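Visitor:
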Amino acid sequence: MLESLIGKIYYSLIFVIYFILKKVWLTGIKIWKSKTALINQLIKNRNLTDNDSILENFLTEANYFEAINGLESIFLKSSNRHQYFQKNYENKYDAKLFHILYDFDHELSEEILKIIIEMELKIKKFCCI
């Protein structure tokens, strides 16, 4: 009797785990890939060139989403503003360009933040006089 109950619980748990994993797989949660696998995907599947071999160091200092996915819409052809046919850089763009744009984006963000802080301080001084 107890063994039968344990067997039913065991198979029920297997069933639940299977459907949870199936749900996760179907909802698009991506499986972790190594840095090497990501670099190979960019070079082979998406035709991004890496003439200076900077991708490995670049992806070490910046995460993949911020460095590649966050900037790729600038380089991809699209049918409308939000849909891309396929993520293919057609060997037109080098990883160095992503790195330059990434650095520029961060420098610009820092400068804008400095200006905002300076304006806030001036407004506080003006309001408190």
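Counting in numbering that gives the first Met the number 0, the sequence shown runs from 0 upward without gaps.
We put the CB at the ideal spot given by N, CA and C, even for glycine.
Owing to the predicted nature of the structure, the values given are computational and were not obtained by experimental measurement.
1. In whole angstroms, what separates the C-alpha of Tyr88 from that of Ile99?
2. Take Ser52 as the anchor and find which of Leu12, Phe97, His105 has the nearest alpha-carbon.
3. Alpha carbon to alpha carbon, how far is Leu41 from Glu109?
4. Count the other C-beta atoms from every protein chain shown that fall within 10 angstroms of the C-beta of Ala66, then say buried if there are 16 or more, exposed otherwise.
5. Within the same chain, show all residues whose beta-carbon is closer than 6 Å to that of Ile38, passing over the 5 residues directly before and after it, in chain order.
6. Taking only three categories from DSSP, how would you classify Asp49?
7. How about Phe74 and Tyr92: do their beta carbons lie closer than 8 Å?
8. Residues bridged to Asp93 by DSSP?
9. Give the straight-line distance between the Cα atoms of Lys121 and Val15, rounded to the nearest whole angstrom.
Guide: If we stick to the structure as given:
1. 16 Å
2. It is Phe97 whose Cα lies nearest to the Cα of Ser52.
3. 29 Å
4. buried
5. Leu54
6. coil
7. In terms of Cβ geometry, Phe74 and Tyr92 form a close pair [threshold 8 Å].
8. Thr48
9. 59 Å
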